[in-house]
Structure formats: structure tokens, C-alpha cells
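Residue numbers (UniProt numbering): 1 to 246.
Below is one structure, written out as C-alpha cells, with a few remarks after it.
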């Protein structure tokens, strides 16, 4: 199992991003918070465009650079992400996502505490495109999509709980909505926990592990990223966090 790869290419410069893995087929990075993954209505710099520019500069590549988006993180969320550098790699990684061979583990800090030390949440979610919000609806609701996640309590402190989340489906805002639905809104989440959070707080949701079979070698690749040691993450040690997600 790999935590970091080396590129078969010869880069001439330092990346502006923290690189977790790179070879001729893949690029794994730590997504900075508050950057959209794709171009959106704000017109702010987006991660895909920035990564293309970064690779083009580092390898002095002529023409356009391919960068395939395989999975997404909400704008305020940071952590491990994998991108495809070829169309073949993008296609095979997308197939891994469809067949659930693509593993996604998150760390999050929530208000309160879930009813059990571990459990599975299964809901039907419906997205309102106009307001960009998601709600829990009855099963069978037109347009609703099944959402499943497993959670494990890792510790509690000062009224907050640190959770490990194994995401089994990839619905929009899924973790935020489902945890809010059991009375445990995420720290800093203004959209689904405005009553307990203050404006300006950074949402405490982090992509900690991304694992998948390499699209060419088939070797298992695992990217690991820990959240910054700022409040409320620093209520728990990085060592405890890392042990919990392995």
C-alpha cells in the first residue's frame, strides 16, 4: 500500500500544492479549504484550473494539460483528493467509484454526541439546485437519492465529538446533512447548523483517507491527510487521529 508516489516525469519546479502522490497517471494533493473544485458562479479561482496551470509550469508542458476530476469536495472542505492525468486513468478511477472500490474516510467535529459509539445512517436526500441545499426526505420521493455512511466516535471534549466517517455513497452535502439530521451539526457549518455556529467559523470536515486500486498497476494506493492543528481539531492529537483512520 502506497502513501506517496514518485513521478516518471522530470519536474523543474516546486508545486504550490502539498502533493501526496504523483506519477504519470495520477496526482494526489491536499485540497486547500475554501477553493471550489470546479469553476462556479463566483468566478473565483478553482482547483482544476490551478492544478492544470501548476502541472504545466512544473513540467514545462506545451499546449493544454489534461486533469480529470474523479470525486469532489465541498468548497469549505479540505484534505486528500486524487486527480487523473490521463483520460484512461480518469475512466478507470471513475469505474472504481461506481463499483465501490474507491474508499473515502473523513474526520469531522460535531456539536453534541451521536446516540451510539458507532452506527450507520441511511437516508434519502433531495437537492434543491436553486438554493444549493440538501434535505432529508421520505424514501420514494421523486428525485431523492439514497445516502449511506458509517460513523465511529473517536472522542469527546468541550461539548464536541470527533467522528470518523466512512462514506459509502457520494451525495452532495451528505455528511453535513445526515449528521445534522441526528442532532449533531458539524462545527462551523452555517448551512446545516446555523443555530449553533457563528459566522466566520471554518467547517470542521476533512478528507482524511482516499484509497483505490491504481488504474494501471492495480496496486492499492492510499492517500492520507490530517486536518490542521487549529480549534477544534487541536482538542485531539494528530497521533490519535492518524491511528483512528488506519
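Heads up, the beta-carbon is just placed ideally off N, CA and C, and yes, glycines get one too.
Check, Outcome
"Rank 191, 184, 169, 121 by C-alpha distance to the C-alpha of residue 132 and give the top, closest one.", "191"
"For the beta strand (DSSP E) containing residue 54, list its first residue and its last residue.", "Looking at the DSSP string, residue 54 is not in any beta strand (DSSP E); the run it does join, the alpha helix (DSSP H), is 47-58."
"If you measure between the beta carbons of residue 106 and residue 148, is that distance less than 9 Å?", "no"
"Between 74, 37, 62, 100, which lies nearest to residue 68 when the distance is taken from Cα to Cα?", "37"
"I need the straight-line Cα distance from residue 70 to residue 48, nearest angstrom please.", "11 Å"
"How should residue 237 be labelled, buried or exposed, when 16 other C-beta atoms within 10 angstroms of its C-beta is the threshold for buried?", "exposed"
"Please classify residue 122 as buried or exposed, where buried requires at least 16 other C-beta atoms within 10 Å of its C-beta.", "exposed"
"Using 8 Å as the cut-off, can you tell me whether the stretch 135-148 makes contact with the stretch 74-91, which would need three or more C-beta pairs spanning the two stretches below that distance?", "no"
"Which residues in the same chain as residue 182 place their Cβ atom closer than 8 Å to its Cβ, once the five residues preceding and following it in sequence are excluded?", "114, 115, 121"
"Need the endpoints of the alpha helix (DSSP H) that residue 242 sits in, please.", "238-245"
"Give the single residue among 243, 246, 235 whose Cα lies nearest to the Cα of residue 109.", "235"
"Rounded to whole angstroms, what's the CA-CA distance from residue 66 to residue 82? Just pull it up for me.", "14 Å"
"How many angstroms separate the CA atom of residue 72 from the CA atom of residue 41?", "17 Å"
"Taking the continuous beta strand (DSSP E) assigned at residue 28, which residues delimit it?", "26-31"
"Which residue or residues does DSSP assign as beta-bridge partners of residue 82?", "28"
"Would you identify the three-state DSSP class for residue 123, choosing helix, strand or coil?", "strand"
"For the beta strand (DSSP E) holding residue 157, just list the boundary residues, first then last.", "145-157"
"Under a three-way DSSP split, which group does residue 88 fall into?", "helix"
"Indicate the three-state DSSP secondary structure (helix, strand or coil) for residue 98 in the structure shown.", "helix"
"When DSSP builds the beta bridges, which residues end up paired with residue 19?", "29"
"Would residue 205 pass as a contact of residue 77 if the rule is Cβ separation under 9 Å?", "yes"
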